[in-house]
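>
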Amino acid sequence: MAASSASVFLPLYLYPSLRRNPNPHRHSPFLSRIKSSRLITVSSLGNSGDPGGSGSGGSWVSPNWLSSLARSLSAQGDDSGIPVANARLEDVSDLLGGALFLPLYKWMLEYGPVYRLAAGPRDFVIVSDPATAKHVLRSYGSKYAKGLVSEVSQFLFGSGFAIAEGQLWTVRRRAVLPSLHIKFLSVMVNKVFCRCALRLVEKLRPYAINGASVNMEEKFSQLTLDVIGLSLFNYNFDSLTSDSPVIDAVYTALKEAESRSTDILPYWKARYY
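Take the numbering used here: the last position of the sequence shown gets the number 273, and nothing is skipped along the way.
Following this line, the structure appears as structure tokens:
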């Protein structure tokens with residue numbers, strides 16, 4: 001596997017029922033797979049969370065032949081031992097346009113806590129093993145980088161801390177380090193996270209009383225947007241209770257970033273005169 005051809009996705013937050021390592025100090029068998037493979041990028045797949053839950057709505061990805069191609073290439077010089085998920089078109093359609101965790105969880109049950117997914121221009125290494133995830137996150141900046149997600153999101157975030165790489169990331173992380181202190185975070189959790197969560201609870205109460213179904217992915221996306229707006233930008237999107245052009249613009253931009261991350265041709269680099 002080429003050094004720039006794979007990314008690591010850590011979907012641990014999607015699996016609250018995932019069995020934890022009973023001995024966190026014990027070496028994980030999956031950790032050696034990651035360390036031995038020639039991976040230098042860390043990236044993330046994500047659903048755009050638009051109000052209708054429609055995701056990116058489409059892609060040039062043809063997962064059947066991409067999976068076959070990944071398998072054939074993995075047999076040539078790849079000693080990582082990481083299995084390639086057999087992604088079919090309907091699976092990837094669910095991945096892009098539905099609940100993100102469903103196909104990822106399905107493949108985790110089939111291939112184990114560490115597997116590869118051929119999706120568009122890159123391979124993604126999906127990690128659901130706590131010890132391996134800890135290794136990747138702690139090694140970021142020296143052994144791993146954001147990779148594809150940084151490239152496709154630069155139009156949206158610029159070269160700020162969220163997607164910066166290398167030395168630039170190190171400098172900017174040092175600058176924001178005080179805001180990551182446990183005392184500051186505990187205040188933010190109390191004043192922002194909890195209040196937004198309580199607002200969501202009140203929104204869900206009528207559904208619970210009437211026994212009605214609700215699109216939780218949509219609600220969690222709106223909750224996330226409200227938390228990010230208040231904690232990072234001191235701006236109240238209030239997306240749980242109202243729609244606005246700002247919210248629509250955010251979702252549109254995130255959908256574009258998602259589409260870029262899975263399309264084969266880097267159409268965003270084309271120059272139009």
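Glycine residues also receive a C-beta, built at the ideal position from the N, C-alpha and C atoms.
Quick check: is the beta carbon of A257 nearer than 7 angstroms to any beta carbon in chain B?
The structure shown contains no chain B; it is built from a single protein chain.
> Find the nearest neighbour of C194 within the set E217, I209, V227 and W169, judged by alpha-carbon distance.
C194 has its Cα closest to that of V227, out of E217, I209, V227 and W169.
> When DSSP labels each residue in this structure, what does E217 get in the three-state scheme?
Correct three-state label for E217: helix.
> Between R26 and D248, what straight-line distance do the alpha-carbon atoms span, to the nearest angstrom?
Since pLDDT at R26 reaches only 43, below the 50 mark, its modelled position is unreliable, and the value read off the structure follows with that caveat. Each residue's Cα considered, the two are about 46 angstroms apart.
> Between R271 and P206, what straight-line distance do the alpha-carbon atoms span, to the nearest angstrom?
If you take the alpha carbons of R271 and P206, they lie about 50 angstroms apart.
> From this set, Y267, S261, P266 and W268, which residue's C-alpha is nearest K146's C-alpha?
The residue with the shortest Cα to Cα distance from K146 is S261.
> Three or more C-beta pairs under 8 angstroms: does that hold for the segment 182-193 against the segment 220-234?
A contact exists between the segment 182-193 and the segment 220-234.
> Which residues does DSSP list as the beta-bridge partners of V84?
R116, per the DSSP bridge assignment.
> Any idea what DSSP makes of Y235, helix, strand or coil?
Coil, per DSSP.
> Whole-angstrom Cβ separation of L225 and S239, contact assumed at under 8 angstroms?
That pair is a contact at about 5 angstroms.
> Sorted by chain position, which residues of the same chain lie with C-beta nearer than 7 angstroms to V214's C-beta, five sequence neighbours on each side aside?
L204 and Y207, listed in sequence order.
> In terms of alpha-carbon separation, which member of V125, A118 and M108 lies closest to S80?
Of the listed residues, the one whose Cα sits closest to S80 is V125.
> In terms of residues, what are the limits of the alpha helix (DSSP H) holding A208?
Run containing A208: C194 to N210, per the alpha helix (DSSP H) assignment.
> Quick one: what's got a C-beta closer than 8 angstroms to C196's C-beta in the same chain, skipping five residues either side?
Around C196: L223, D226, V227, L230 and L240.
> Please classify A175 as buried or exposed, where buried requires at least 16 other C-beta atoms within 10 Å of its C-beta.
Answer is exposed; the Cβ neighbour count stays below 16.
> Could you tell me which whole alpha helix (DSSP H) segments of length 4 or greater appear in the segment 243-269?
The segment 243-269 contains these whole alpha helix (DSSP H) runs: 245-262.
> Considering only C-alpha positions, which residue in the set S153, H135 and V171 is nearest to K269?
Of the candidates S153, H135 and V171, the one whose C-alpha sits nearest the C-alpha of K269 is S153.
> Rounded to the nearest angstrom, what separates D50 and F101 at their Cα positions?
Caution is warranted here: a pLDDT of 36 is assigned to D50, below 50, making its placement in the model unreliable, and the coordinate value is therefore given only provisionally. The alpha-carbon atoms of D50 and F101 are separated by roughly 16 angstroms.
> Shortest alpha-carbon distance to L200 belongs to which of F184, E217, N210 and G211?
Out of F184, E217, N210 and G211, E217 has the C-alpha closest to the C-alpha of L200.
> Along the chain, where does the alpha helix (DSSP H) containing A162 start, and where does it finish?
Taken as a continuous stretch (DSSP letters only), A162 belongs to no alpha helix (DSSP H), as it is neither H nor E.
> For Y235, count neighbouring Cβ atoms within 10 angstroms of its own Cβ and tell me buried if that reaches 16, exposed if not.
With fewer than 16 other Cβ atoms within 10 Å, it is exposed.
> Could you say which of Y105, L109, L117 and L104 lies nearest to V84 if we only look at CA atoms?
Selected option, being the one with the closest Cα: L117.
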